[in-house]
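Enquirer: Quick one: the structure is below, questions incoming.
Numbering (our numbering), first residue to last: 9 to 323.
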């Protein structure tokens, strides 16, 4: 089913162009990445959401296990290896109607957020193979410089987001989360979805944090969820920056694969989550006046992307 964003005025101010048609993403497969970064053609890394009894007055220490965590190797750049393996093993899912584009969800998120990311350049490679364009985001010199400058504090803050998942997620609907488990940053659960951007058929893979409920709905991504952490907001300036930069990135990441809810843990500077808040994706653009004014630029990014790939890439 093809849908436009609900409750949105899709007209871009000063333009006669509407938000391009973006089809509801449909899950056509999944896979896992194990602790050694090996591709596994099964959903064994899927996690299930377990909420705490209260969303306030929490004391979730995100520093637990930091020293013993198994870190992901930044320099082990895997390109499109995993999604290409999935396609090779599931040819029947894509051969009848081959996609125009194949990529990871992060690439779409990057393009959507480009107007608000003034510091982060990007480099995207495109390969045309049998009428399908494979798009891959490559590390830039900026990325390598940032990696070389990372401090222990930077490493710890990156760890916090993954540790938060251990407090809320478990390997089955009946298990309880176990934050004492050694955290392996290499492990992932990924879904593969198909969608359309106007006339362009897209297949993309996306790592997701887990599932809300006890079972998956065939083809639907609506009960997958994302988990995020962010600093406690105590000033108007912090609230403005949160809405203008971080919340837009969260929305873009979830909307592109049809995820409906984000669970956000608000932490202090010591890495202790004090409260939990649920964000409904369709309400985020109305969350504040800031997003209300900038949402039109998100529409324009989609239109620019559509125009660019039509005129320059797809032949």
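All residues carry an ideal CB built from backbone N, CA and C; glycine is no exception.
Given a cut-off of 8 angstroms on the beta-carbon distance, is the pair residue 47 and residue 90 in contact?
Expert: Contact flag set, yes.
Enquirer: Once DSSP output is grouped into helix, strand and coil, what is the label at residue 68?
Expert: DSSP places residue 68 in strand when its eight states are reduced to three.
Enquirer: How long is the line joining the alpha carbons of residue 127 and residue 275, rounded to whole angstroms?
Expert: Going by the C-alpha atoms only, they are around 25 angstroms apart.
Enquirer: Could you tell me the alpha carbon to alpha carbon distance between residue 243 and residue 251, rounded to whole angstroms?
Expert: Near 13 angstroms, if we compare the C-alpha coordinates of residue 251 and residue 243.
Enquirer: Work out the CA separation of residue 173 and residue 218 for me, nearest whole Å.
Expert: If I take the Cα positions, the gap works out to 9 angstroms.
Enquirer: In angstroms with no decimal places, state the Cα-to-Cα distance between residue 235 and residue 43.
Expert: Those two C-alpha atoms are separated by around 20 angstroms.
Enquirer: Taking the CB atoms as reference points, tell me whether residue 51 and residue 97 lie closer together than 8 angstroms.
Expert: No, Cβ-Cβ distance for residue 51 and residue 97 is not below 8 angstroms.
Enquirer: Determine the direct distance from the alpha carbon of residue 207 to that of residue 138, and round the result to whole angstroms.
Expert: Answer to the nearest angstrom: the Cα atoms are 18 angstroms apart.
Enquirer: Taking the C-alpha atoms as reference points, what is the distance between residue 85 and residue 66?
Expert: About 37 angstroms.
Enquirer: For residue 188, does the count of other Cβ atoms within 10 angstroms reach 16, so buried, or fall short, so exposed?
Expert: With fewer than 16 Cβ atoms within 10 Å of its Cβ, residue 188 is classed as exposed.
Enquirer: Evaluate the contact criterion for the segment 73-82 versus the segment 161-171: three or more CB pairs, one atom per stretch, below 8 angstroms.
Expert: Counting Cβ pairs under 8 angstroms, three or more are found: they touch.
Enquirer: Here's the rule: buried if 16 or more other CB atoms are within 10 angstroms of the residue's CB, otherwise exposed. What is residue 285?
Expert: Label assigned to residue 285: exposed.
Enquirer: Using CA coordinates, which residue listed in 29, 35, 81 is at the minimum distance from residue 225?
Expert: The option with the nearest alpha carbon to residue 225 is 35.
Enquirer: Which term fits residue 245, buried or exposed, when burial requires 16 or more other beta carbons within 10 angstroms of its beta carbon?
Expert: The residue in question, residue 245, is exposed, as its Cβ has fewer than 16 Cβ neighbours within 10 Å.
Enquirer: Spatial neighbours of residue 193 within its chain, please: C-beta separation below 7 angstroms, excluding the five flanking residues on both sides.
Expert: Once the five neighbours on either side are set aside, the close Cβ partners of residue 193 are 77, 78, 79, 80, 170.
Enquirer: If you check the beta carbons only, do residue 59 and residue 176 fall under 8 angstroms apart?
Expert: In contact: residue 59 and residue 176 (Cβ atoms closer than 8 angstroms).
Enquirer: Can you name, in chain order, every residue of its own chain whose Cβ lies under 7 angstroms from the Cβ of residue 253, other than the five neighbours on each side?
Expert: 124.
Enquirer: State the beta-bridge partners of residue 177 as determined by DSSP.
Expert: Paired residue(s): 57.
Enquirer: Since residue 144 is in the beta strand (DSSP E), which residue starts that stretch and which ends it?
Expert: Element bounds for residue 144: 140-146.
Enquirer: My assumption, with CB atoms under 8 angstroms, is that residue 152 sits in contact with residue 94. Please give the rounded CB distance.
Expert: Not quite, the Cβ-Cβ distance comes to about 28 angstroms (not below 8 angstroms), so this is no contact.
Enquirer: Cα-Cα, which of 209, 228, 232 is closest to residue 216?
Expert: It is 232 whose Cα lies nearest to the Cα of residue 216.
Enquirer: I think residue 220 touches residue 57, with their Cβ atoms under 8 angstroms apart; what is that distance to the nearest whole Å?
Expert: 5 angstroms between Cβ atoms; contact.
Enquirer: Tell me the DSSP bridge mates of residue 219?
Expert: The partner list for residue 219 (beta bridge, DSSP) reads 56, 232.
Enquirer: Which residues in the same chain as residue 227 place their Cβ atom closer than 6 angstroms to its Cβ, once the five residues preceding and following it in sequence are excluded?
Expert: Once the five neighbours on either side are set aside, the close Cβ partners of residue 227 are 34, 35.
Enquirer: Give me the Cα-Cα distance between residue 121 and residue 277, rounded to the nearest whole angstrom.
Expert: Answer to the nearest angstrom: the Cα atoms are 26 angstroms apart.
Enquirer: Exposed or buried, what is residue 186 when buried is set at 16 or more other beta-carbons lying within 10 Å of its beta-carbon?
Expert: That one is exposed.
Enquirer: Please classify residue 113: is it buried, with 16 or more other beta-carbons within 10 angstroms of its beta-carbon, or exposed?
Expert: Classification for residue 113: buried.
Enquirer: Roughly how many angstroms separate the alpha carbons of residue 229 and residue 158, rounded to a whole number?
Expert: Cα to Cα, residue 229 sits roughly 35 angstroms from residue 158.
Enquirer: For residue 302, does the three-state DSSP call read helix, strand or coil?
Expert: Unreliable positioning characterises residue 302 in this predicted model, as indicated by a pLDDT of 47, which lies under 50. The coordinate reading is nonetheless provided below. Three-state result, residue 302: helix.
Enquirer: Report yes if the C-beta distance between residue 129 and residue 142 is below 8 angstroms; otherwise report no.
Expert: Contact flag unset, no.
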